[in-house]
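Protein chains in written order, with the numbering used here: chain V, 66 to 701; chain A, 2 to 101; chain P, 3 to 174.
Below, the structure is given as structure tokens:
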């Protein structure tokens with residue numbers, strides 16, 4: 066198992082190095098094929114790890130493998146000894162499985178997508194490095210390794226968003242993602258320091274019993290991690306980088322900014338779930354932030370014109386659902402939604418990539434339409450993804466989303482009245498989701514064509530189509546296959562729940578109520594979908610007119626609640642002012658000080674230089690004077 | 002016996018003359034001669050000081066001084082020759098290449 | 003036989019007069035010849051101090067070899083008497099410093115009086131005959147002796163290199 070774990074980390078790193086160093090000399094599809102081969106092998110290794118773990122008894126389902134001692138600092142109570150190693154348990158293996166699985170498909174897709182791009186080797190090298198970082202994040206034996214991966218995926222995200230660095234907007238978006246994530250990282254670091262002070266260790270395996278035994282921990286400690294998770298998983302108020310991150314290539318959006326990296330925040334919360342449970346009101350914060358983000362991002366998504374931005378905001382919204390689940394203590398449900406979301410959101414992004422590919426880079430929904438005739442396969446695949454996102458039975462998203470809403474309602478039913486509000490927000494978000502998904506699908510594929518007549522859209526090449534088909538199947542069966550709460554069919558929960566903390570407020574609904582809620586959610590989703598499809602399905606002109614001449618709220622939605630502008634006014638501009646102040650200070654005072662010092666010493670040097678007149682006698686004279694002085698002193 | 006102090010006084014005078022010659026004269030050859038005078042004065046102190054108790058070792062040390070002086074003169078005069086070839090002069094003030 | 007005091011007075015007078023002349027003669031040839039006188043005076047003082055060997059070496063090495071070297075160089079360069087160099091402020095200062103040096107060296111020596119053997123724990127030396135000096139040189143001072151021989155070799159090599167005429171130099 067050690068070898069499997071080591072290979073799981075070594076392969077992507079080695080491939081990243083090979084492609085980074087020699088990729089320039091590899092031509093055509095070779096870098097992509099190599100990278101895909103690596104990713105597929107990683108998936109194979111992940112499956113091997115999964116089978117191994119499944120063979121173990123439930124209470125001993127973990128493998129700890131240390132490769133070497135990384136650092137050993139301090140002594141006694143303040144000792145911090147960290148190994149480089151992996152910690153395999155159902156949680157990390159589940160993540161590894163879908164990272165490498167969905168990752169492989171996206172690698173495959175990328176082969177065709179990047180075929181005509183300049184510097185595809187660079188792209189694949191970054192992608193391999195990303196896979197490595199993500200696996201370190203998930204598999205790392207201790208929190209410091211997790212943080213290493215955390216930063217690594219951030220770096221790769223930055224590099225891949227800015228892949229087209231010649232474009233100002235891409236470079237800017239890369240910087241924005243990087244900087245916003247730094248804020249979250251501070252929280253992570255504080256949490257890490259605090260944890261170490263509290264437990265004296267950062268190893269996942271060692272922390273597990275300690276966290277379980279801890280009756281209470283400071284809520285702020287857990288919130289430190291939550292701030293980190295907010296940064297990485299694009300929650301309020303740190304979500305602003307994710308929509309801009311869509312400047313990167315579309316497969317990157319699918320892999321990093323939808324399926325894997327953004328779920329790292331959820332992973333962190335799940336990994337530390339006992340800590341959150343013990344941290345008093347910290348979980349409530351998580352739940353409310355998650356619900357608010359879900360609703361907020363869902364609202365913004367209503368009026369976006371860029372197809373990728375719609376998907377980006379829907380990602381933010383779905384991540385909000387996951388945090389809502391975490392906040393309710395339904396950690397397993399969060400993991401469930403992470404997985405189904407990885408399937409259908411990767412599918413939607415890859416599908417939108419195929420559309421963009423077919424339209425030679427066009428991303429504006431208003432310039433699409435009627436594409437189902439040109440791209441029937443893509444349309445079919447994306448429709449499945451859209452149903453899954455909208456939460457329509459029996460597609461994947463329905464089961465996971467419904468489970469989360471069910472937990473919220475159950476807790477309300479059990480007496481926590483405020484949970485009804487969370488449930489309401491969730492249901493409203495679900496309606497919005499169905500609506501904007503229908504709007505996107507209809508604008509893109511339905512109605513009459515508004516495509517530039519010079520373009521002749523064509524279906525995506527084979528590797529892209531294969532990836533789409535596989536993800537389509539997963540989006541259909543991924544939900545029901547992994548769990549259907551109402552029927553008590555929950556293989557994923559049985560697998561993953563033992564390593565997660567138990568819910569602080571367990572609650573169960575009567576079966577009838579449960580079915581009723583499910584039917585209600587289903588009805589709402591279908592209804593919202595129907596409305597969206599109807600509004601945008603007919604003649605396009607009135608719909609566009611409605612969006613353009615909308616009243617105040619719609620304008621705010623189109624302006625994305627002006628969050629970026631608020632940030633600019635509250636943070637960016639004052640900082641810039643401060644920076645300019647510092648610059649002036651530096652120029653006038655600091656530089657002046659140094660330049661003055663230089664000038665002073667030059668002046669002194671001129672004086673001293675005069676003494677060096679080259680006349681031997683003068684040197685001799687002064688030497689004698691020195692001798693006389695020394696003699697005088699010696700005689701004292 | 003002549004008191005050693007007399008010898009020391011004489012040595013100091015010779016040394017002073019050497020210093021004066023070195024500091025005041027511009028002719029490099031004469032400056033070298035002045036240095037020889039100073040070395041001789043030092044030797045005189047060696048021999049006079051060692052007269053009563055360490056005559057043999059005093060002489061040995063003075064011998065070393067003479068050897069060092071010989072080496073110094075050889076190199077010094079070679080330098081004078083080299084400088085003369087370059088500058089057509091043995092006057093120290095004409096060589097000012099060290100001027101900053 | 004001269005009394006020691008008389009000998010000291012005569013030889014020290016010779017040395018001093020020679021030294022003064024060395025410093026004051028304008029013609030370097032004259033200065034060199036007076037230097038011979040000063041060296042001979044010092045050699046005489048060595049004799050009166052009972053260091054006959056050193057007196058002999060002084061005469062041979064200094065008054066002989068080194069002086070010949072000086073004269074050779076002077077003749078080689080075909081130097082005339084340098085013009086009178088004047089008495090500048092700088093020179094006055096040099097002379098003052100020289101006088102100060104003399105005073106500073108002389109005063110402590112005068113105060114010290116007779117030097118005792120306190121400085122050494124060894125037994126007193128035998129008289130400075132050639133044999134005894136050689137004995138010291140080749141036993142106790144063997145290492146400095148070898149170092150000095152190396153120094154002379156290096157000085158020789160250096161002198162030859164410096165004085166050698168290269169193609170770029172113009173003929174003297």
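Ideal Cβ positions, reconstructed from N, Cα and C, are used throughout, including at glycine.
- The beta carbon of residue 91 of chain V sits closer than 7 Å to those of 186, all from its chain and outside the five residues before and after it, given in chain order.
- Neighbourhood of residue 23 of chain A in chain V, by CB distance below 8 Å: 685, in chain order.
- Residue 369 of chain V is not a Cβ neighbour of residue 410 of chain V, given a cutoff of 9 Å.
- Taking 9 Å as the cut-off, the beta carbon of residue 143 of chain P is found closer than this to the beta carbon of residue 61 of chain A.
- In the three-state scheme derived from DSSP, where H, G and I count as helix and E and B as strand, residue 313 of chain V is classed as coil.
- Assignment of residue 72 of chain P by DSSP, reduced to helix, strand and coil, places it in the helix class.
- Chain V has a Cβ within less than 9 Å of the Cβ of residue 99 of chain A.
- DSSP places residue 298 of chain V outside both helix and strand once states are collapsed to three, so it counts as coil.
- If only uninterrupted alpha helix (DSSP H) runs of at least 4 residues are considered, those enclosed by the stretch 337 to 371 of chain V are 338 to 343, 347 to 366.
- Under the Cβ criterion of 9 Å, residue 91 of chain A is not counted among the residues facing chain V.
- The beta-carbon of residue 16 of chain P is placed no less than 9 Å from the nearest beta-carbon of chain V.
- Looking at V:585, V:465, V:567, V:486, the one whose alpha-carbon comes closest to that of residue 496 of chain V is V:585.
- Taking a beta-carbon distance threshold of 9 Å, residue 693 of chain V counts as an interface residue toward chain P.
- With a minimum length of 4 residues, the unbroken runs of alpha helix (DSSP H) contained wholly in the stretch 22 to 64 of chain A fall at 29 to 51.
- Of all residues in the stretch 657 to 682 of chain V, the ones placed with a Cβ closer than 7 Å to any Cβ belonging to chain A are 674, 677, 678, 679, 680, 681, 682, in chain order.
- Within the same chain, Cβ atoms closer than 6 Å to the Cβ of residue 510 of chain V are found at 436, 437, 444, the five residues on either side in sequence being excluded.
- If you check the CB distance, residue 415 of chain V and residue 505 of chain V do not come in under 9 Å.
- For the pair residue 254 of chain V and residue 264 of chain V, the CB atoms are not nearer than the 9 Å cut-off.
- For residue 76 of chain A, the nearest beta carbon of chain V is not closer than 9 Å to its own beta carbon.
- Residue 131 of chain V is bridged by DSSP to V:150.
- For residue 64 of chain P, there is no enclosing alpha helix (DSSP H), since its DSSP letter is neither H nor E.
- Membership of residue 439 of chain V in any alpha helix (DSSP H) is not indicated, and neither H nor E is assigned to it by DSSP.
- Contact note: residue 103 of chain P reaches chain V through 689, 692, 693, 696, using a C-beta cutoff of 8 Å and chain order.
- Assigned with DSSP and collapsed to three states, residue 207 of chain V falls in strand.
- Between the stretch 187 to 197 of chain V and the stretch 77 to 95 of chain V, the count of Cβ pairs shorter than 8 Å is three or higher; the stretches touch.
- When CB distances to chain P are screened at a threshold of 9 Å, the residues of the stretch 24 to 38 of chain A falling below it are 24, 25, 26, 27, 28, 30, 31, 33, 34, 35, 37, 38, in chain order.
- Judged by DSSP secondary structure, residue 630 of chain V falls within the alpha helix (DSSP H) whose first and last residues are 628 to 632.
- When DSSP reads this structure, residue 429 of chain V sits in a beta bridge with V:371.
- Only buried fits residue 127 of chain P, as 16 or more other CB atoms lie within 10 angstroms of its CB.
- In chain order, 156, 391, 396, 399, 400, 565 place their CB closer than 8 Å to the CB of residue 335 of chain V, counting only its own chain and leaving out the 5 sequence neighbours on each side.
- Assigned with DSSP and collapsed to three states, residue 139 of chain V falls in coil, not helix or strand.
- Beta-bridge pairing by DSSP links residue 92 of chain A to A:28.
- Counted as a single uninterrupted DSSP element, the stretch harbouring residue 304 of chain V is not any alpha helix (DSSP H), since DSSP gives it neither H nor E.
- Residue pairing by DSSP places residue 549 of chain V opposite V:554 in a beta bridge.
- Judged by DSSP secondary structure, residue 595 of chain V falls within the alpha helix (DSSP H) whose first and last residues are 576 to 602.
- Listed along chain V, no residue sits closer than 8 Å to residue 47 of chain P by beta-carbon distance, the nearest being about 24 Å off.
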